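Q: After the structure tokens below, expect a handful of questions from me.
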Amino acid sequence: MESYIKKINDHVRAKHDEKGAKKIKLTYLISGGVTLGLGLAGFLASFITFLVLFLEHDTESAFTAWMVAIPFIIMIVVGSVLTRIGDMLLKDDEIMQVELEKQQAKQELKDKKANKKQARAEKKQQNNDEKE
């Protein structure tokens, strides 16, 4: 799972700014939390139904109630994984570091363009001085 989180982090760093990264993190946390909550609620309801039916000696219906709990168990696992990914995804200090790196890269490009422009202007001035 750590390699999956690293892939998501790398993708987010390459494609999104700080606001986009926070939105992606929040989406994972919300979807994981909702899935986990629904899974727990459904499992508890199925388990209580199972217990009531089992104690009333209606084993066939109790077994059916237990089978209904299986998808909710899967939802609990999926919700837990999504929440874990959201929690591990780009910590706030990492988000700020990514934004800083992007700003530095943009500034370097601007500086490089300005230096080229200045070099061309100096060369042009030198050529004009030689012609005079």
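By my numbering, the letter at position 108 of the sequence shown is numbered 1336, and the numbering carries on one by one without gaps.
Note that the Cβ used here is the ideal one computed from N, Cα and C, for glycine as well.
Because the structure is a prediction, the values reported are computed rather than measured.
So for methionine 1229, helix, strand or coil by DSSP?
A: In the sequence shown, counting from the first residue as 1, residue 1229 sits at position 1. Note: methionine 1229 maps to coil in three-state DSSP.
Q: Do phenylalanine 1278 and alanine 1290 come within 7 Å of each other at the CB atom, strictly closer than that value?
A: For this step, residue 1290 is matched to residue 62 along the sequence shown. For this step, residue 1278 is matched to residue 50 along the sequence shown. Against a cut-off of 7 Å, the Cβ pair of phenylalanine 1278 and alanine 1290 comes out as a contact.
Q: Would you please state the rounded distance, in angstroms, between the beta carbons of valine 1240 and leucine 1318? I believe it to be under 8 Å.
A: Working through the sequence shown from its first residue, we reach residue 1240 at position 12. Working through the sequence shown from its first residue, we reach residue 1318 at position 90. About 6 Å separates the beta carbon of valine 1240 from that of leucine 1318, a gap short enough to meet the 8 Å contact definition.
Q: What does the Cβ neighbour count give for methionine 1303, buried or exposed, with the cut at 16 atoms within 10 Å?
A: By one-based count along the sequence shown, residue 1303 stands at place 75. That one is buried.
Q: Would you give the residue range spanned by the alpha helix (DSSP H) that leucine 1279 belongs to?
A: The residue given as residue 1279 occupies position 51 in the sequence shown. That run of the alpha helix (DSSP H) goes 1246 to 1283.
Q: Compute the distance between the beta-carbons of leucine 1310 and glycine 1248, then report whether it is under 7 Å.
A: As a working mapping, residue 1310 is identified with position 82 in the sequence shown. As a working mapping, residue 1248 is identified with position 20 in the sequence shown. Against a cut-off of 7 Å, the Cβ pair of glycine 1248 and leucine 1310 comes out as no contact.
Q: Counting C-beta neighbours from all protein chains within 10 Å, is the total for isoleucine 1252 16 or more, i.e. buried, or is it exposed?
A: As a working note, residue 1252 is residue 24 in the sequence shown. Under this definition isoleucine 1252 is a buried residue.
Q: Roughly how many angstroms separate the alpha carbons of leucine 1266 and tyrosine 1256, rounded to a whole number?
A: The residue labelled residue 1266 in the question sits at position 38 within the sequence shown. The residue labelled residue 1256 in the question sits at position 28 within the sequence shown. Distance between the alpha carbons of leucine 1266 and tyrosine 1256 is about 15 Å.
Q: By a C-beta neighbour count over all protein chains shown, 10 Å radius and 16 as the cutoff for buried, is alanine 1349 buried or exposed?
A: Reading the sequence shown from its first residue, position 121 is the one you call residue 1349. Around the C-beta of alanine 1349, fewer than 16 other C-beta atoms lie within 10 Å, and the residue is accordingly described as exposed.
Q: Report the rounded CA-to-CA distance for valine 1305 versus glutamine 1346, giving the unit in angstroms.
A: As a position in the sequence shown, residue 1305 is number 77, starting the count at 1. As a position in the sequence shown, residue 1346 is number 118, starting the count at 1. Taking the straight line joining both Cα atoms gives about 60 Å.
Q: Relative to the C-alpha of glycine 1307, which residue among His1285, Glu1246, Lys1330 and Ile1258 is closest?
A: Stepping through the sequence shown from its first residue, residue 1307 is reached at position 79. Answer by Cα proximity: Ile1258.
Q: Aspartate 1315 lies in the alpha helix (DSSP H); which residues open and close that run?
A: One-based indexing of the sequence shown puts residue 1315 at position 87. Counting along the chain, the alpha helix (DSSP H) containing aspartate 1315 begins and ends at 1287 to 1316.
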